[in-house]
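S.K.: Just so we're on the same page, the working numbering is the position in the sequence shown counted from 1, plus 9.
Glycine included, C-beta positions come from ideal geometry on N, C-alpha and C.
Quantities reported herein were computed from a predicted structural model and do not represent experimental measurements.
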Amino acid sequence: MDNKTIHKILTVNDHRIPMVIYDVDVIKRQKTSLDNLFKNVVKKFTIAYSYKTNTALGQTMRDLDCSFQVTSINHLRQVKQLTNKKPFKIFFNSRNLTKKDLKEVIHGGVHLIINSRSQYDMVQELATKQRQKLQIGVRIDTKSLPKNTFFKTVNTGLGLDYQEFKGLPRKSKCLEIVGLHAHIASQNTDLLSIEKGIKVLSRIFEQNNFNFRYLNLGGGFPIQYKNSVPTIKSFAEKIIPAIRKIQKPNPSLEFIIEPGRYIVGPAGYLFARVNDIISNHGKIDVAVINCSVFSSVRDRILSGYVIELPCVVFKKQKIETKKYLIVGSSPSSCDTFGKYVLPKIRIGDILIFSHAGAYCLSNDDFTGVEKPQEFVWTGNHLLPI
Ligand SMILES: Cc1ncc(COP(=O)(O)O)c(C=O)c1O
Numbered sequence: 010m011d012n013k014t015i016h017k018i019l020t021v022n023d024h025r026i027p028m029v030i031y032d033v034d035v036i037k038r039q040k041t042s043l044d045n046l047f048k049n050v051v052k053k054f055t056i057a058y059s060y061k062t063n064t065a066l067g068q069t070m071r072d073l074d075c076s077f078q079v080t081s082i083n084h085l086r087q088v089k090q091l092t093n094k095k096p097f098k099i100f101f102n103s104r105n106l107t108k109k110d111l112k113e114v115i116h117g118g119v120h121l122i123i124n125s126r127s128q129y130d131m132v133q134e135l136a137t138k139q140r141q142k143l144q145i146g147v148r149i150d151t152k153s154l155p156k157n158t159f160f161k162t163v164n165t166g167l168g169l170d171y172q173e174f175k176g177l178p179r180k181s182k183c184l185e186i187v188g189l190h191a192h193i194a195s196q197n198t199d200l201l202s203i204e205k206g207i208k209v210l211s212r213i214f215e216q217n218n219f220n221f222r223y224l225n226l227g228g229g230f231p232i233q234y235k236n237s238v239p240t241i242k243s244f245a246e247k248i249i250p251a252i253r254k255i256q257k258p259n260p261s262l263e264f265i266i267e268p269g270r271y272i273v274g275p276a277g278y279l280f281a282r283v284n285d286i287i288s289n290h291g292k293i294d295v296a297v298i299n300c301s302v303f304s305s306v307r308d309r310i311l312s313g314y315v316i317e318l319p320c321v322v323f324k325k326q327k328i329e330t331k332k333y334l335i336v337g338s339s340p341s342s343c344d345t346f347g348k349y350v351l352p353k354i355r356i357g358d359i360l361i362f363s364h365a366g367a368y369c370l371s372n373d374d375f376t377g378v379e380k381p382q383e384f385v386w387t388g389n390h391l392l393p394i
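1. Are the Cβ atoms of residue 107 and residue 84 separated by less than 8 angstroms?
2. Is the beta carbon of residue 361 closer than 8 angstroms to that of residue 300?
3. Does the separation of the CB atoms of residue 88 and residue 117 fall below 8 angstroms?
4. Taking the alpha-carbon of residue 143 as reference, which of 152, 132, 20, 33 has the nearest alpha-carbon?
5. Among the residues of its own chain, which have a CB less than 6 angstroms from the CB of residue 363, if the five just before and after it don't count?
6. Kindly identify the DSSP beta-bridge partner or partners of residue 78.
7. Hey, residue 358 and residue 283: beta-carbon distance below 8 angstroms or not?
8. Count the other CB atoms, across all protein chains shown, that sit within 10 Å of the CB of residue 280; report buried if there are 16 or more and exposed otherwise.
9. How long is the line joining the alpha carbons of residue 110 and residue 287, rounded to whole angstroms?
10. Please specify which runs of the alpha helix (DSSP H), each continuous and at least 4 residues long, are wholly inside the region 257-282, giving them in chain order.
11. Is any heavy atom in ligand 1 found nearer than 7 angstroms to the beta carbon of residue 372?
12. Per the contact definition of three or more C-beta pairs closer than 8 angstroms, is the region 146-153 in contact with the region 163-181?
13. Is it buried or exposed for residue 253, if we count other Cβ within 10 angstroms and need 16 for buried?
14. Restricting to runs no shorter than 4 residues, where is the alpha helix (DSSP H) found entirely within the region 195-242?
15. Taking contact to mean at least 3 C-beta pairs separated by less than 8 angstroms, is the region 181-192 in contact with the region 216-230?
16. Is residue 328 buried or exposed, if buried means 16 or more other CB atoms sit within 10 Å of its CB?
17. Given 8 angstroms as the limit, is there contact between the region 244-258 and the region 50-62, that is, 3 or more CB pairs closer than that?
18. Under the criterion of a Cβ to heavy atom distance below 7 angstroms, does residue 120 qualify as lining ligand 1?
19. Run through the DSSP bridge pairs and tell me what residue 144 is partnered with.
20. Within its chain, find whatever has a CB closer than 8 angstroms to the CB of residue 74; leave out the 5 residues flanking it on each side and keep chain order.
21. DSSP three-state call for residue 150: helix, strand or coil?
22. At which residues does the beta strand (DSSP E) containing residue 330 begin and terminate?
23. Is residue 327 helix, strand or coil by DSSP?
24. Sort out for me which residues DSSP pairs residue 391 with in a bridge.
25. Going by C-alpha to C-alpha distance, which of 103, 114, 140, 115 sits closest to residue 123?
26. Look at the alpha carbon of residue 231 and the alpha carbon of residue 45, and state the distance between them as a whole number of angstroms.
27. Over the uninterrupted beta strand (DSSP E) stretch that includes residue 362, give me the two end residues.
28. DSSP on residue 54, reduced to helix/strand/coil?
29. Within 10 angstroms of the Cβ of residue 41, are there 16 or more other Cβ atoms? Answer buried if so, exposed if not.
30. For residue 296 and residue 341, what's the separation of their Cα atoms in angstroms?
31. Provide the residue span of the alpha helix (DSSP H) that contains residue 303, from first to last.
32. Flag this pair as yes or no: are the beta carbons of residue 220 and residue 155 separated by less than 8 angstroms?
33. Looking at residue 29: is its Cβ nearer than 8 angstroms to the Cβ of residue 370?
34. From this set, 298, 373, 354, which residue's C-alpha is nearest residue 339's C-alpha?
35. Within this structure, are the beta carbons of residue 136 and residue 184 separated by less than 8 angstroms?
36. Can you pull every residue whose C-beta falls closer than 5 angstroms to some heavy atom of ligand 1, listed in chain order?
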């Protein structure tokens with residue numbers, strides 16, 4: 010968003026701060042860059058927006074003709090509401106699949122990607138019982154551990170590894186494996202891990218006579234917060250040769266990606282007001298703003314405080330600068346947005362954090378997972394709160 014637009018918006022919306030604004034032009038630009046890289050490589054290229062990245066942008070992504078990837082039954086229900094007349098695909102992949110959820114997924118015409126051998130067996134049992142032929146995808150754990158993701162925990166038992174996949178029944182009357190799925194990690198800046206992952210998938214394509222219809226490489230394409238990251242073009246350069254090879258014996262192969270962060274991350278702007286400045290706190294001044302990382306930049310916490318959103322001060326140039334620790338409005342010592350060198354700020358100034366579109370504000374119900382209910386026990390009664 011350019012300065013002129015920000016001025017225009019704030020002239021009439023200043024009283025709404027703290028607020029987050031998503032710039033649809035940025036979303037379009039990011040999506041187009043993916044389309045341009047991949048759509049001429051395969052006959053069919055699908056962007057299945059990773060809904061959990063920012064649920065507030067579901068309708069926007071639908072308006073841009075995206076399909077969806079969802080990871081919980083709650084999010085599936087939300088995505089199903091996003092109807093407009095154009096058809097769209099939904100890919101469902103959850104590590105928490107119950108029999109009840111499974112029925113809802115299958116009967117809703119949603120494409121299921123199984124995550125484990127026991128999920129395969131559960132689907133097989135249901136399909137046999139219902140005498141139904143089901144087409145499913147399989148998530149593969151390619152064991153390609155990325156070196157440079159921003160998150161400490163990756164590869165926590167998602168997908169079947171190569172050997173497990175080989176152990177799946179070749180022919181089943183009621184289940185047909187029509188696609189492979191592999192997502193390595195979010196904000197993955199390790200190009201080598203992509204290359205390694207694709208090699209494992211290529212091997213499965215080459216060595217197995219399943220009738221594969223698609224290859225889904227998940228999401229994880231990085232965006233630049235503080236330090237530079239490999240460009241999307243450099244990812245495409247690793248991916249495209251492998252796709253071409255896989256495609257040769259499978260000319261109608263559909264190539265699917267599930268980006269979240271790359272598309273919506275750069276589109277989000279968080280506007281916050283400085284409500285206090287504490288200058289007697291050691292070497293660095295502390296600026297208190299009127300929102301909190303707990304509600305507005307969840308991703309910073311998930312990344313162990315590695316992710317730091319770029320920040321500028323509204324209407325101020327970087328002439329006389331000072332280093333600040335920016336803290337949120339809660340009393341928690343963990344509520345820190347980061348240390349920034351900024352033009353001298355005063356109480357009342359507006360800070361604009363960019364790249365606040367992914368895993369930030371709308372991430373309070375992370376991935377739509379079921380929340381435990383709360384009760385009080387009175388000694389003989391359990392009372393819901
Ligand atoms: C299976 C799957 N697909 C897609 C994504 C989207 O990732 P990102 O937002 O980094 O593109 C995720 C996020 O972790 C995921 O788990």
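M.R.: Reading off the structure:
1. If you number the sequence shown from 1, residue 107 lands on position 98. If you number the sequence shown from 1, residue 84 lands on position 75. The answer is no: Cβ separation not under 8 angstroms.
2. Position 291 of the sequence shown holds residue 300. Position 352 of the sequence shown holds residue 361. No, the Cβ-Cβ distance between residue 300 and residue 361 is not below 8 angstroms.
3. Translated into the one-based positions of the sequence shown, residue 88 becomes position 79. Translated into the one-based positions of the sequence shown, residue 117 becomes position 108. No, the Cβ-Cβ distance between residue 88 and residue 117 is not below 8 angstroms.
4. Along the sequence shown, one-based indexing puts residue 143 at 134. It is 132.
5. Residue mapping note: residue 363 aligns to position 354 of the sequence shown, counting from 1. Here the set comprises 278, 319.
6. By 1-based counting over the sequence shown, the position of residue 78 is 69. For residue 78, which the question treats as bridged, DSSP gives the partners 59, 100.
7. As a first step, residue 358 must be located in the sequence shown, where it is residue number 349. As a first step, residue 283 must be located in the sequence shown, where it is residue number 274. Yes; because the gap between Cβ atoms is below 8 angstroms, this pair is in contact.
8. Residue mapping note: residue 280 aligns to position 271 of the sequence shown, counting from 1. Flag for residue 280 reads buried.
9. For the purposes of this step, residue 110 is taken as the residue at position 101 of the sequence shown. For the purposes of this step, residue 287 is taken as the residue at position 278 of the sequence shown. Each residue's Cα considered, the two are about 51 angstroms apart.
10. 270-273
11. As a position in the sequence shown, residue 372 is number 363, starting the count at 1. Result no, Cβ not under 7 angstroms from ligand 1.
12. yes
13. By one-based count along the sequence shown, residue 253 stands at place 244. Under this definition residue 253 is an exposed residue.
14. 200-216
15. yes
16. As a working mapping, residue 328 is identified with position 319 in the sequence shown. Exposed, because fewer than 16 other Cβ atoms sit within 10 Å of the Cβ of residue 328.
17. yes
18. Taking the sequence shown and counting its residues from 1, the one referred to as residue 120 is at position 111. No, the Cβ of residue 120 stays beyond 7 angstroms of every heavy atom of ligand 1.
19. Within the sequence shown, residue 144 is the residue found at index 135, counting from 1. The partner list for residue 144 (beta bridge, DSSP) reads 185.
20. Mapped onto the sequence shown, residue 74 falls at position 65. Excluding sequence neighbours, residue 74 sits near 95, 97.
21. As a working mapping, residue 150 is identified with position 141 in the sequence shown. In this structure, residue 150 counts as coil in the three-state DSSP scheme.
22. The count along the sequence shown starts at 1 and reaches residue 330 at position 321. Unbroken beta strand (DSSP E) run through residue 330: 330-336.
23. Within the sequence shown, the letter at position 318 stands for residue 327. Here residue 327 sits in coil by DSSP.
24. Residue numbering aside, residue 391 sits at position 382 when the sequence shown is read from its first letter. In DSSP, residue 391 forms a bridge with 386.
25. Taking the first residue of the sequence shown as position 1, residue 123 is located at position 114. The option with the nearest alpha carbon to residue 123 is 103.
26. Against the sequence shown, residue 231 aligns to sequence position 222. Against the sequence shown, residue 45 aligns to sequence position 36. Straight-line Cα distance between these residues: approximately 17 angstroms.
27. Along the sequence shown, read from residue 1 onward, the residue named residue 362 stands at position 353. Element bounds for residue 362: 359-362.
28. Position 45 of the sequence shown, counted from the first residue, corresponds to residue 54. Residue 54: strand per DSSP, three-state reduction.
29. Here residue 41 corresponds to residue number 32 of the sequence shown, with the count starting at 1. Answer is exposed; the Cβ neighbour count stays below 16.
30. On the sequence shown, position 287 is the one that residue 296 refers to. On the sequence shown, position 332 is the one that residue 341 refers to. Cα to Cα, residue 296 sits roughly 14 angstroms from residue 341.
31. Position 294 of the sequence shown holds residue 303. From DSSP, the alpha helix (DSSP H) with residue 303 extends over 302-305.
32. The residue you call residue 220 lines up with position 211 of the sequence shown. The residue you call residue 155 lines up with position 146 of the sequence shown. Contact flag unset, no.
33. The residue you call residue 29 lines up with position 20 of the sequence shown. The residue you call residue 370 lines up with position 361 of the sequence shown. Taking 8 angstroms as the Cβ cut-off, residue 29 and residue 370 qualify as a contacting pair.
34. Your numbering for residue 339 matches position 330 in the sequence shown. Measuring from the Cα of residue 339, the nearest candidate turns out to be 298.
35. Against the sequence shown, residue 136 aligns to sequence position 127. Against the sequence shown, residue 184 aligns to sequence position 175. For residue 136 and residue 184, yes; Cβs fall inside 8 angstroms.
36. 59, 62, 192, 195, 227, 228, 229, 267, 268, 269, 270
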